[in-house]
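Number of protein chains: 2
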Amino acid sequence: MRILVLGGDGYLGWPTALHLSKAGHDVGVVDNLARRHYDDEMGVDSLVPIRQLQRRVATWKEVSGLTIVPFIGDLTDHPFVLETLRVFEPDAVVHFGEQRSAPYSMIDREHAVYTQVNNVVGTLNLLYAIAELNRDIHLVKLGTMGEYGSPNIDIEEGFIEITHKGRTDVLPFPKNPPSFYHLSKVHDSHNIMFACRIWGIRSTDLNQGIVYGQQTPETALHPDLATRFDYDGVFGTVLNRFAVQAAVGYPLTVYGKGGQTRAMLDIRDTLACVELACLNPPDAGEYRVFNQFTEEFSVRDLASWVQRVAPVEVSIESIPNPRVEKEEHYYHAVTTKLPELGLQPHLLTDDHVRSLVELAITYKHRVNPEAIRPTVNYRVTKSEVSVAGGAVGE
Amino acid sequence: MRILVLGGDGYLGWPTALHLSKAGHDVGVVDNLARRHYDDEMGVDSLVPIRQLQRRVATWKEVSGLTIVPFIGDLTDHPFVLETLRVFEPDAVVHFGEQRSAPYSMIDREHAVYTQVNNVVGTLNLLYAIAELNRDIHLVKLGTMGEYGSPNIDIEEGFIEITHKGRTDVLPFPKNPPSFYHLSKVHDSHNIMFACRIWGIRSTDLNQGIVYGQQTPETALHPDLATRFDYDGVFGTVLNRFAVQAAVGYPLTVYGKGGQTRAMLDIRDTLACVELACLNPPDAGEYRVFNQFTEEFSVRDLASWVQRVAPVEVSIESIPNPRVEKEEHYYHAVTTKLPELGLQPHLLTDDHVRSLVELAITYKHRVNPEAIRPTVNYRVTKSEVSVAGGAVGE
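See below:
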């Protein structure tokens, strides 16, 4: 297949592009390099050094003999989107190309507006380009399990059958997300569902859990192929961040009670899920949702797990929750569609938790401990993150 | 109360401002005059002549002795929003200030993106300004019954109790709207619900049906106080448009089978509902939804009604549906909260239908019949509306 990976320079986009290339697909990557810019804005950096996109692609060619075609440009630039799709002629477009940090979207008004406009307009441009050029192109869109929030009922895959006052319908699962970032994904989902309905576009919305891990079979082939590993309070996600905190002797910071339970998955399963979605497209006009995760963990349980298996001494500290969220709640989500397509999950093991800490120890000289503390308080409209100074902290 | 009406130069915003002023509130209006610009862009005009905002406000002062303070500016301009709220110090903000035509949003990509960015960013700016200045300000937001689509179950007011696999929760009512415009309102609703939760803002989301009528007790006091009356294929809503079609001998154009059923209300009830919402604010942090309509009609029934009571001969023509929507479907929505607050509805009568046609006959010399035909086809990505030429039609 010909597959275009949007956001193909990012944490998940790059290893997905490698995986799909290795699997025999013709792969192009599109990126505006915004993720690298956020690092500069926040004064932080990936734990593991990463190369520029051009070098990554060149090394991949040397190592594998395979070609990945890079397109540098912005999805909010519609002529660019249209021209890229026209030139590459993809069968599927895998769309990771959005601002993906909840705390980043909650820094202040400017970052909230930027996140929603960037994500929503990029996806609208893509929908229009597909509708204009070729409605058979399969849009594989990265959503998030966070779109659902934490309802007191089981979370189904995108839709739920509701019987009410003696009548029944299957309707979109209600959304109640916890940040302006997550809201941008809810907006996208509604826009995509509508575009499928009116234009006969086919789309898979992958409501993904929180991803952990950093190495994939392809990134391990050469240091130039490494993908990023974020540990800072803005872009670092929970397990990866805990691994770094353990490595540098910083207490594992649990926000509030730590009973927040989330759906999670191994980075290698992200790659497998995306490929399964591409290989099994929906019908024309179909909008389908896959819940893309393998296990559910509470933040507290993850902290304890890291403490138990880390090869160093680890302490755990509960800090005031900078987010507004339930800290103890029911959580159970359904995921059957990806397993039915053949997903063989990598469940989290002691070995994997330990290897994450060991990876962090290898690169601990690159860690800026100041960047770990959460600096974005959802209750205020302007957080202390000093954007002007390009630095995190007070 | 001090009430700021955003979009206070528009079809509903202006008579709402007059009504609230007459009722004894201190009223300010905010408008960027975009609605007048859309007329120029489309080469159409209000059936009833309307005055510029400054003249309207001056005449209101002469007629009533009451002052309405105008603010000319754009809600996407955050410093303007912040300064206006700082200066006016409202108790409530009534937010009509959005692009409100479904077909306009479906003209092409540019109009879809404009509608979503304009509406979503304007509302985000407002939420941030309220959170920054005074979280007690009550945001009375105009949503639309179209946010719900036409589910096969009864539409509740914003939320629905769902029992699923033995567990129960009250969750946002699922949304499945029929245009990029309606989607912008869905996005707003999700953003507002979240802002109430994290910042303790209070908001009422008025999911309004389709409004008909043009005269209110205040607009009738002087020709300068008239509000607009749209009949064109882009901005004209169903009953008002049919009245004009009847007046000029243009067949009533029913899109498809005409079984599309929608919630509707009289313009005078819009004014009453908005005031009831202002006078009865929700608790701090509460996001509540009122379904703001009084009756449900199918398009077919409305056409027959106009035909039956019009003082002229009227024909009805079914034309291919330019929209993508169910043409026969179950539709029943609940509305109890506004009646509980005291709403006394003006139900549609033969007299009112006839008076609408008579109003249209009075101004039939101002009608451009070319503007009536629907020119926006939802199935294509670029409609025939020639924006460059500022004219409707081929």
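Protein chains in written order, with my numbering: chain P, 1 to 394; chain X, 1001 to 1394. Ideal placement from N, C-alpha and C gives every residue a C-beta, glycine not left out. Bear in mind that the values here come from a model prediction, so they are computed numbers and not experimental data.
Closer than 8 Å to chain X by CB, residue i
| i | result |
| --- | --- |
| residue 187(P) | yes |
| residue 263(P) | no |
| residue 194(P) | yes |
| residue 389(P) | The predicted model places residue 389(P) with a pLDDT of 43, which falls under 50 and marks its position as unreliable; any figure quoted below should be read in that light. Chain X contact via Cβ: absent. |
| residue 59(P) | no |
| residue 98(P) | no |
| residue 398(P) | Not covered by the structure: residue 398(P). The range shown for chain P is 1 to 394. |
| residue 172(P) | yes |
| residue 197(P) | yes |
| residue 415(P) | Coverage of chain P is limited to positions 1 through 394, which leaves residue 415(P) absent and any answer about it impossible. |
Exposed unless 16 or more other CB atoms sit within 10 angstroms - verdict on residue i
| i | result |
| --- | --- |
| residue 156(P) | buried |
| residue 184(P) | buried |
| residue 110(P) | exposed |
| residue 1330(X) | exposed |
| residue 1015(X) | buried |
| residue 3(P) | buried |
| residue 311(P) | exposed |
| residue 1187(X) | buried |
| residue 344(P) | exposed |
| residue 1279(X) | exposed |
| residue 1228(X) | buried |
| residue 151(P) | buried |
| residue 299(P) | buried |
| residue 1338(X) | buried |
DSSP state of residue i mapped onto helix, strand, coil
| i | result |
| --- | --- |
| residue 1265(X) | strand |
| residue 150(P) | coil |
| residue 1241(X) | helix |
| residue 1061(X) | helix |
| residue 432(P) | One cannot answer for residue 432(P) here, as it falls past the ends of chain P, which runs 1 to 394. |
| residue 125(P) | helix |
| residue 375(P) | coil |
| residue 198(P) | helix |
| residue 175(P) | coil |
| residue 251(P) | coil |
Check: residue i C-beta below 7 Å from any heavy atom of the ligand MG
| i | result |
| --- | --- |
| residue 1323(X) | As presented, the structure is devoid of all ligands, the ligand MG included, so that no description of it is given. |
Cβ pair residue i, residue j closer than 8 Å
| i | j | result |
| --- | --- | --- |
| residue 1103(X) | residue 1233(X) | yes |
| residue 1055(X) | residue 1224(X) | yes |
| residue 211(P) | residue 271(P) | no |
| residue 1372(X) | residue 1245(X) | yes |
| residue 26(P) | residue 72(P) | no |
| residue 149(P) | residue 172(P) | no |
| residue 169(P) | residue 1319(X) | no |
| residue 1142(X) | residue 1099(X) | no |
| residue 1303(X) | residue 1235(X) | no |
| residue 121(P) | residue 1048(X) | no |
| residue 1124(X) | residue 34(P) | no |
| residue 1145(X) | residue 1287(X) | no |
| residue 1226(X) | residue 1050(X) | yes |
| residue 96(P) | residue 28(P) | no |
| residue 180(P) | residue 64(P) | no |
Test: residue i CB closer than 8 Å to a CB of chain P
| i | result |
| --- | --- |
| residue 1095(X) | no |
| residue 1003(X) | no |
| residue 1113(X) | yes |
| residue 1116(X) | yes |
| residue 1053(X) | no |
| residue 1311(X) | no |
| residue 1386(X) | Note that residue 1386(X) scores 49 on pLDDT, short of 50, meaning its location in the model is unreliable; the coordinates nonetheless yield the value given after this. Cβ-Cβ to chain P under 8 Å: no for residue 1386(X). |
Contact set for residue i: own chain, Cβ-Cβ below 7 Å, skip 5 residues either direction
| i | result |
| --- | --- |
| residue 199(P) | 131, 135 |
| residue 250(P) | 369, 372 |
| residue 1390(X) | In this predicted model, residue 1390(X) has a pLDDT of only 42, less than 50, meaning its place in the structure is not dependable enough to derive any value. |
| residue 379(P) | 324 |
Cut-off 6 Å between Cβ atoms - residues of its own chain near residue i, not counting five sequence neighbours on either side
| i | result |
| --- | --- |
| residue 277(P) | 140, 204 |
| residue 285(P) | 196, 200 |
| residue 256(P) | 321, 327 |
| residue 394(P) | Only weak support exists for where residue 394(P) lies, its pLDDT of 32 falling under 50; the coordinates are left without a value. |
| residue 1239(X) | 1212, 1302 |
| residue 1297(X) | 1264 |
| residue 91(P) | 1, 2 |
Cut-off 8 Å between Cβ atoms - residues of its own chain near residue i, not counting five sequence neighbours on either side
| i | result |
| --- | --- |
| residue 1159(X) | 1170, 1171, 1172, 1173, 1289 |
| residue 59(P) | 51, 222, 224, 225 |
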